[in-house]
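Input: a single structure, listed below in structure tokens.
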Amino acid sequence: MRFANTAEGYGLLSRVLHWGIALAILGMLGLGTWIDRMTPDLSNFWLFGLHKSIGLTILVLVLVRLAWHRYSPPPVLRAMQHPWELYLARTVHWSLYLLLLAIPLTGWAASSATGIDTLYFDHWTVPPIAPPSESLSDLGFAAHGVLTKMLMLLLLLHIVGALRHGTGPGSALRRMWRG
Amino acid sequence: MTPLRRPPDGRMRAALLALVLALLSVAPASAATHYLLDGSGSQVGFSTDFGNSKITGNFPVSAADLELDFRDVARSNVSVTLDVRSAVASFPFAAQAMKGPKVLDARRHPTIGFRSTRVRRSGNGAVIDGALTLRGVTQPVSLYAVFARPVGSDPGDLDHLIIRLTGAIQRSAFGATGWPDAVGDEVQLDITAWIVRVD
Ligand code: HEM
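Written out as structure tokens, the structure is:
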């Protein structure tokens, strides 16, 4: 089993990162929507903490993935039926990366702006990245919400796109799953 | 001085009544007596609803200046200053949320001030109407005051006193509106200040 990427296929690290982040994101879209609807209380505070901790982990994993792909470039996308498909796929991929940086950063900034410490898994205090400010925190959470809706839309495009190119040998999905 | 950590009830109430009588008979007929904060133990306890639980905590009193006229209480004046940045609460998140920009905004408004506008006798104590400045907003607030003697002091000794003020405020009136769904609007206050006569 190859660890690094080759011109032909994805190595182990890229695949583990892809599916690990994917799973975390799906869980986080659900968890985020859920906590957004609840009234904070002593009994549910830990869910907010959990959301922040997983979100910061995703941020780190996305940075690791970006760094890794500079060092070990992923295989180029296979030629598609229409040039616009390739263009769309690339645009979606880069937008996903952008959102996966912007979403945790806005969540972190908005949380910092409330003046409340952000704890990583109840244990380490993460430094604030925004000064205490009510307007900054409102703005940050508004952006966090809008960006997560965009992410849901892009994920749908990403999944439909991947499935359109089949699941058989040589398909993008197969390469990401098996290498 | 012996710190008093108990509200003045039970045996304290008896001492209190004795004190009021003593003050009436002992206090000079003339002017008010000047008192300042004594030591660093004075604090403002607060409590408010938080879902099914409560948030409690306290602020240190950083200054108090009182002109007390025990004969003619209406001639008394009280002013108290609190240090918002040193407030503590029953759990750390609550203190941070409270000092944060959505509630007290301690960075811009590091102190809370109270200044009496009218004092009148009521029962064993006094009702103090005044202006409370919190988050830069000033609103009228009424507090109920009772006096007590530190444990162990002589009945006629007015050099050291304890003033206990109780009351409630609506935090929304001051623009301290953060987390309105989770945290109660009414905040109960219970101030205990040790004061010492300075003239
Ligand atoms: C990729 C990572 C993340 C995803 C996918 C994500 C997703 C979400 C979603 C879908 C919501 C609901 C938004 C709405 O409907 O308005 C939400 C809310 C929230 N997120 Fe995140 N989030 C992530 C990272 C973070 C991080 C890193 C933090 C803080 C350090 C954070 C803090 C919050 C908070 C506090 C809320 C609740 C906002 C409120 O109650 O108004 N999130 N998140």
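Protein sequence lines correspond, in order, to chains R and X. Each residue of the first sequence is one higher than the one before, starting from 1 at the first, in this note's numbering. Each residue of the second sequence is one higher than the one before, starting from 1001 at the first, in this note's numbering. Think of the CB as a built atom: it goes at the ideal place given N, C-alpha and C, for glycine as much as any other residue. Nothing here was measured: the structure is a model prediction, and the numbers come from that model.
- Per the C-alpha coordinates, the member of X:Thr1117, X:Arg1121 and X:Gly1136 positioned closest to X:Thr1111 is X:Gly1136.
- Looking at the backbone, the Cα of X:Ile1191 and that of X:Asp1199 are separated by about 24 Å.
- Around R:Ala172, the same chain offers Ala162 and His165 as residues with beta carbons nearer than 6 Å, after the five sequence neighbours per side are excluded.
- Below the 7 Å Cβ cutoff, chain R contributes Thr39 as neighbours of X:Asp1181, in chain order.
- Beta-bridge annotation (DSSP): X:Phe1059 is paired with X:Val1044.
- Going by DSSP, R:Val16 is part of no beta strand (DSSP E) but of the alpha helix (DSSP H) stretching over Leu12 to Arg37.
- Only exposed fits X:Pro1140, as fewer than 16 other CB atoms lie within 10 angstroms of its CB.
- Under the three-pair Cβ rule at 8 Å, the stretch 70-85 of chain R does not count as touching the stretch 41-51 of chain R.
- Not one heavy atom of the ligand HEM is found less than 6 Å from the C-beta of R:Asp122.
- With a threshold of 6 Å, the Cβ atom of R:Pro104 counts as near the ligand HEM, since some heavy atom of the ligand is closer than that.
- Taking non-hydrogen atoms of the ligand HEM into account, the C-beta of R:Gly107 is found less than 6 Å away from one of them.
- Exposed is the label assigned to R:Leu77, since fewer than 16 other Cβ atoms lie within 10 Å of its Cβ.
- In terms of Cβ geometry, X:Gly1057 and X:Ser1090 form a close pair [threshold 7 Å].
- With its beta carbon at least 7 Å from every one in chain X, R:Thr33 lies outside the interface.
- Counting the other Cβ atoms within 10 Å of the Cβ of R:Ser43 gives fewer than 16, which makes it exposed.
- In chain order, Thr39, Pro40, Asp41, Leu42, Ser43 and Asn44 make up the part of chain R whose C-beta sits under 9 Å from the C-beta of X:Gly1051.
- With a threshold of 7 Å between beta carbons, R:Thr114 makes contact with chain X.
- Residues of the same chain with a CB within less than 7 Å of the CB of X:Lys1099, apart from the 5 flanking positions on each side, are Val1084, Arg1085, Ala1087 and Ala1106 in chain order.
- Counting along the chain, R:Phe48 sits inside the alpha helix (DSSP H) bounded by residues Phe45 to Tyr71.
- By DSSP's assignment, X:Thr1138 forms a beta bridge with X:Thr1133.
- Within the model, the alpha-carbon separation for R:Pro74 versus R:Tyr120 is close to 31 Å.
- One thing to note: X:Ser1076 has its Cβ no nearer than 7 Å to the Cβ of X:Arg1115.
- No Cβ-Cβ contact shorter than 7 Å links R:Met150 with R:Tyr10.
- In this structure, the beta-carbon distance from X:Asp1069 to X:Ala1032 falls below 7 Å.
- Nearest CB-CB separation between X:Gln1170 and chain R: not below the 7 Å threshold.
- Ranked by Cα distance from R:Ser135, the first of X:Gly1178, X:Val1187 and X:Val1061 is X:Gly1178.
- Annotation for X:Thr1081: Ser1062, Ala1063, Thr1111 and Gly1113 place their beta carbon closer than 6 Å to its own, counting only its chain and skipping 5 residues before and after.
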